[in-house]
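This report refers to the structure that appears directly beneath it.
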Amino acid sequence: MDDQTHDSNRITTALLLAAGTGSRLMPITSNSPKCLTLVNEQSILERLVINLKKQGFKRLVVVTGYQENCIKDFLAKISGDLTIEFVYSPLYRTTNNIYSLWMARKIINEPFVLFEADLIFDVTLLDNMVYPDHMATSSLLPWMNGTTVTVDASHQVKGFHKNTTPINVEEVKYKTVNIYSFSLQSWKAIVKRLDIHIEANNVNGYYETVIGELVADNRISLKSVDFDNKYWYEVDTIEDLKEAEKLFALAVKKPLLSKISIGKNLEKLKQFPKGLNTRGAQLATS
């Protein structure tokens, strides 16, 4: 693919799922949505908007629910040239992100990058995510849990797995980071499968289930993007917030530190360079 074709495929629309109550971050989220949680005096949402602008995004669609007016008011102040649109999910207290993604089915009709409201990350990690049909992954470490994917030698995702138990010891597994880019063709396939799940009242599940089904059926194809080399963190709990603040304080001091792999629910490693005392970081000297 030549540079001109590559640039023409560059995605400029982002979808943010921000409907949840952030209950595990209480009391911080008692009167404010999770995405407005401050990490070193800057909210998760502001960090995202800054990163989107740096990467040339033009449109941001936000699925709201809990404390939606806080999100609207905040984005009105910082949106600048970024076009902001909202979709309200009235069932946010009783549904999960599969329902939030389904709520965006009518407003999104172009390739887009999907984000969740609890991720902070170095802007350069989006360099390869702004092209269709990619997903962010991190090297699987022994203590990680949650959804993993198997990836072949050409970085194509071969399957989704709900736990870390190896199906084939020869397969390489990675942890999902929950940033995805989709072509319009892939999005249409996802919407059709979402419709089936919602019609069956599977509203408390996760959209990863749908994506995994479509990959297994060869209906969509995703390429893995390695997130090991720069800083990222998923903030779900008060403990996560504390560790994210430590990590991103270090990122300012040591922005070129290589091979950082951060995942949620990790045990603290025993060996860190001086000044890094956070869970979820894997360091190498390469």
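Under our numbering, the first residue of the sequence shown is numbered 1, with each subsequent residue one higher.
Backbone N, C-alpha and C fix where the C-beta goes; we use that ideal spot for every residue, glycine too.
DSSP bridge partner residues for residue i (one or two, in chain order)
i             : result
threonine 148 : His161 and Lys175
glutamine 42  : Val39
tyrosine 233  : Ile120
alanine 104   : Answer is none; alanine 104 lacks a bridge partner.
histidine 134 : Ser181 and Lys223
glutamine 156 : Lys223
leucine 60    : Ala14 and Ile84
leucine 336   : Nothing in the structure corresponds to residue 336, since the chain is present only between 1 and 286.
leucine 114   : Leu15 and Tyr180
serine 139    : Tyr174
Spatially closest choice to residue i from the options, by CA coordinates
i              : options                           : result
leucine 82     : Leu60, Asp236, Ile220 and Asn128  : Leu60
glutamate 245  : Val210, Leu119 and Phe227         : Leu119
isoleucine 190 : Thr209, Lys223, Asn201 and Asn9   : Thr209
glutamate 85   : Leu75, Arg93 and Thr94            : Leu75
leucine 17     : Asn96, Asn109, Val215 and Glu110  : Asn96
serine 79      : Tyr92, Lys54 and Ile107           : Lys54
isoleucine 44  : Tyr131, Leu247 and Val235         : Val235
isoleucine 211 : Asn204, Leu222, Tyr231 and Asn201 : Leu222
leucine 52     : Lys34, Thr37, Thr12 and Glu68     : Thr12
asparagine 178 : Glu46, Trp232, Pro111 and Ser32   : Trp232
asparagine 229 : Pro27, Asn218, Ser138 and Glu46   : Ser138
lysine 162     : Asn128, Tyr207 and Asp152         : Tyr207
glutamine 185  : Ile220, Ile196 and Gly159         : Ile220
threonine 94   : Ala19, Lys77 and Glu239           : Ala19
glycine 159    : Asp217, Pro90 and Asn204          : Asp217
asparagine 31  : Asp7, Asn69 and Ala153            : Asn69
aspartate 240  : Asp7, Ser8 and Ile28              : Ile28
valine 203     : Glu41, Asn128, Lys77 and Pro90    : Pro90
lysine 192     : Lys106, Asn128 and Gly205         : Lys106
Whole-Å CB distance - residue i paired with residue j, under 8 Å assumed
i                 : j             : result
phenylalanine 182 : leucine 250   : No, phenylalanine 182 and leucine 250 are not in contact; Cβ-Cβ is about 33 Å, not under 8 Å.
threonine 21      : tyrosine 66   : 5 Å
arginine 10       : valine 130    : 5 Å
arginine 47       : threonine 237 : Contact doesn't hold; Cβ gap of about 18 Å is too wide.
Beta-carbon spacing of residue i, residue j below 8 Å
i                 : j                 : result
valine 215        : histidine 134     : no
threonine 150     : threonine 176     : no
leucine 297       : leucine 194       : Because the chain in this structure spans residues 1 to 286, residue 297 falls outside the shown range and cannot be described.
tyrosine 92       : isoleucine 198    : no
tryptophan 187    : isoleucine 71     : no
phenylalanine 248 : valine 39         : yes
alanine 104       : valine 63         : yes
alanine 136       : phenylalanine 227 : yes
phenylalanine 112 : alanine 14        : yes
alanine 306       : lysine 34         : The requested residue 306 is not part of the displayed model; the chain covers only 1 to 286.
tyrosine 174      : leucine 140       : yes
Any chain C beta carbon closer than 8 Å to residue i
i            : result
threonine 29 : You won't find chain C in this structure, because it holds only one protein chain.
Which residue spans inside the stretch 66-90 form an unbroken alpha helix (DSSP H) run of at least 4? Scanning the stretch 66-90 for uninterrupted alpha helix (DSSP H) segments of 4 residues or longer gives 68-78, listed from N- to C-terminal end.
Enumerated in chain order, which unbroken segments of the alpha helix (DSSP H) with a length of 4 residues or greater are wholly contained in the stretch 1-34? Counting whole runs of 4 or more residues, the stretch 1-34 contains the alpha helix (DSSP H) stretches 3-8.
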